[in-house]
Amino acid sequence: MNSKRSVFRRHAAVAAAGAAALVLAACGGGGDSSAGHDGHTTASPSSTAASASQGRHNAADVAFAKGMIPHHRQAVRMADLAHGRARSAQTTKLAEDIKKAQGPEIETLSGWLTSWGEEVPAEGAMDHSMHDTGGMMTTAEMDELQKASGKAFDTAFMEMMIKHHEGAVSMAKTEQADGSYAPAKKMAGQIISSQTAEIDKMNELLGRN
4 MNSKRSVFRR
14 HAAVAAAGAA
24 ALVLAACGGG
34 GDSSAGHDGH
44 TTASPSSTAA
54 SASQGRHNAA
64 DVAFAKGMIP
74 HHRQAVRMAD
84 LAHGRARSAQ
94 TTKLAEDIKK
104 AQGPEIETLS
114 GWLTSWGEEV
124 PAEGAMDHSM
134 HDTGGMMTTA
144 EMDELQKASG
154 KAFDTAFMEM
164 MIKHHEGAVS
174 MAKTEQADGS
184 YAPAKKMAGQ
194 IISSQTAEID
204 KMNELLGRN
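Quick note: the sequence shown uses the numbering used here, first residue 4, plus one each step.
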């Protein structure tokens, strides 16, 4: 009898130990599963990456991109007018160089804004305050340029583009002083260098140097 009772107790103890092990395993598994689930669904890694990305630019960088896109678009439209209207090869070459440089920059600036979660200025959108600060042409000035041809076009194009470039250089200098996004500051430096050289060239062609 005692032997049977001892065997029964041993079986009961083993069963209890097994049940306890199962409970512990379930708890442990649940913990691991929860941790793994949290690891997949938590926004922490992406948030950290986003924060790092956001930290690379500031309001000045956004203003630079949003201002330079319509500014460049107008320069490209002005350059497009040279075809069939310009008389001198220098004016035609200058217009081609402007399109080659500023077209890709528009795409780059638009890409930055999109990656920052900012809105890209719509085609035709323009801040009218830029007429004074950014050297943008008015509608009347663009109409005047479109109606001109030959030497009159060359002169008007260069005079307007000098003013336009001076506005871009000013905007680029502001970006270099106030911006924090390294690629934008680098582009600003390139704009200052290339457009200052083009201003000098146009002044020379106009006989101002």
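All C-beta atoms, glycine included, are put in the ideal place defined by N, C-alpha and C.
Only a predicted model underlies this, so the values are computations on that prediction, with no experimental measurement involved.
Query, Result
"From the DSSP output, which residues share a beta bridge with ALA89?", "GLY153"
"Put GLY120 into one of helix, strand or coil per three-state DSSP.", "coil"
"By a C-beta neighbour count over all protein chains shown, 10 Å radius and 16 as the cutoff for buried, is GLY210 buried or exposed?", "exposed"
"Looking only at its own chain, which residues have a Cβ that is under 7 Å from the Cβ of ILE195, when we skip the five neighbours before and after it?", "VAL172, ALA175, LYS176"
"Taking a contact to mean a Cβ-Cβ separation below 9 Å, would you say LEU84 touches GLN149 in this structure?", "yes"
"Would you kindly work out how many angstroms separate the C-alpha atoms of THR94 and ASP157, rounded to a whole number?", "6 Å"
"Hey, how far is the Cα of THR117 from the Cα of GLU110?", "11 Å"
"Return helix, strand or coil for CYS30, following the three-state DSSP convention.", "Reliability fails at CYS30, whose pLDDT of 41 lies under 50, so the model's placement of it is uncertain and no value is given."
"Can you grab the Cα-Cα spacing for the pair GLY127 / ARG80, in whole Å?", "11 Å"
"With a CB to CB cut of under 7 Å and the five nearest residues on each side skipped, what residues in its chain are close to ALA151?", "ARG88, ALA159"
"GLN193: buried (16+ other C-beta within 10 angstroms of its C-beta) or exposed?", "exposed"
"In angstroms with no decimal places, state the Cα-to-Cα distance between GLY170 and ALA191.", "12 Å"
"Would DSSP call HIS75 helix, strand or coil?", "helix"
"Applying the 10 Å Cβ sphere with the 16-neighbour rule, what's the burial state of GLU207?", "exposed"
"Consult DSSP for LEU208 and reduce its assignment to one of helix, strand or coil.", "helix"
"In whole angstroms, give me the CA-to-CA distance for THR216 and GLY106.", "Because residue 216 is not part of the residues shown, which for the chain are 4 to 212, the question remains open."
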